[in-house]
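Remarks on the structure that follows.
Here's what the structure looks like:
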């Protein structure tokens, strides 16, 4: 009898809020029903307020944060829209004065900023073009931000930078947030100082001492 009544009761169409898009996967919250793995039709709310009727393939759910992951099946244009809303800031490879590949460093350094929740955060990873911050609160994308980064080397003065937040997502299994910041161009001397630090730490991680590590 209960099964019969369930079949007669119209199902609620899922209403989802898209919170991230990366490497072809869409991450979203469902605002009105619990979703199961598989295909589902949903009303998707995008970061700019646009509402799109979509077919999504639900792949997984992070129970700690109630964030679903999946793929967009229809419409095909939705994936392109999401790619514009959530650009891969920290994976961009940009040429610089030596045209090297950008070195990404997994490093915890203290960062101060008047725009950050609590006015401070720590870095999660760093490149010459951007930084991922580990923050206590959410910071909206497209926020202009001033940063002061303190190095773990007494010979180096703090680095003053400006940039723009390009994405924000919940850090897995925590109540913190990851914030991706695309750095504005900085003076050649400061850029070289940061690049030298990144290369030195990478060299030390490989167990090789570099004579090129200097700040004079």
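Numbering (the working numbering), first residue to last: 166 to 381.
All residues carry an ideal CB built from backbone N, CA and C; glycine is no exception.
Discussion item. Which same chain residues end up closer than 6 Å to residue 285 when comparing Cβ atoms and leaving out the 5 residues on each side of it in sequence?
Written reply: For residue 285, the CB contacts under 6 Å within the same chain, skipping 5 residues up- and downstream, are 277 in chain order.
Discussion item. Since residue 208 and residue 218 should fall inside the 8 Å C-beta cutoff, what is the C-beta to C-beta distance between them, to a whole number of angstroms?
Written reply: Their Cβ separation, rounded to whole angstroms, is 6 Å, which keeps residue 208 and residue 218 in contact under 8 Å.
Worksheet entry | Same chain, Cβ closer than 8 Å to residue 186, neighbours up to 5 away in sequence not counted | Counting only Cβ-Cβ distances below 8 Å, and skipping sequence neighbours, we find 192, 244, 247, 248, 250 and 251.
Discussion item. Let me confirm a value: residue 179 is counted as buried when at least 16 other C-beta atoms fall within 10 Å, else exposed. Which label applies?
Written reply: Counting the other Cβ atoms within 10 Å of the Cβ of residue 179 gives 16 or more, which makes it buried.
Discussion item. Can you determine whether any heavy atom of the ligand GDP sits closer than 6 Å to the C-beta of residue 346, and answer yes or no?
Written reply: The ligand GDP is not part of this structure, which contains no ligands at all.
Item to complete: Look at the Cβ atom of residue 363, then the Cβ atom of residue 295, and state whether they are nearer than 7 Å.
Response: In this structure, residue 363 lies away from residue 295, with their beta-carbon atoms at least 7 Å apart.
Worksheet item: Just the Cα atoms here: how many angstroms apart are residue 360 and residue 201?
Response: Whole-angstrom Cα-Cα distance: 46 Å.
Discussion item. Here's the rule I'm using: 16 or more other beta-carbon atoms within 10 Å means buried, otherwise exposed. How should residue 328 be labelled?
Written reply: Buried.
Discussion item. Could you tell me the alpha carbon to alpha carbon distance between residue 368 and residue 238, rounded to whole angstroms?
Written reply: If I take the Cα positions, the gap works out to 44 Å.
Worksheet item: Which of helix, strand or coil does DSSP assign to residue 269?
Response: Residue 269: coil per DSSP, three-state reduction.
Practice prompt. Identify the continuous alpha helix (DSSP H) that holds residue 249 and give its terminal residues.
Written response: Run containing residue 249: 241–250, per the alpha helix (DSSP H) assignment.
Worksheet item: Going straight from the alpha carbon of residue 292 to that of residue 232, what length do you get?
Response: Cα-Cα distance, rounded: 28 Å.
Worksheet entry | Reduced DSSP category for residue 316 - H, G, I as helix; E, B as strand; rest coil | Here residue 316 sits in coil by DSSP.
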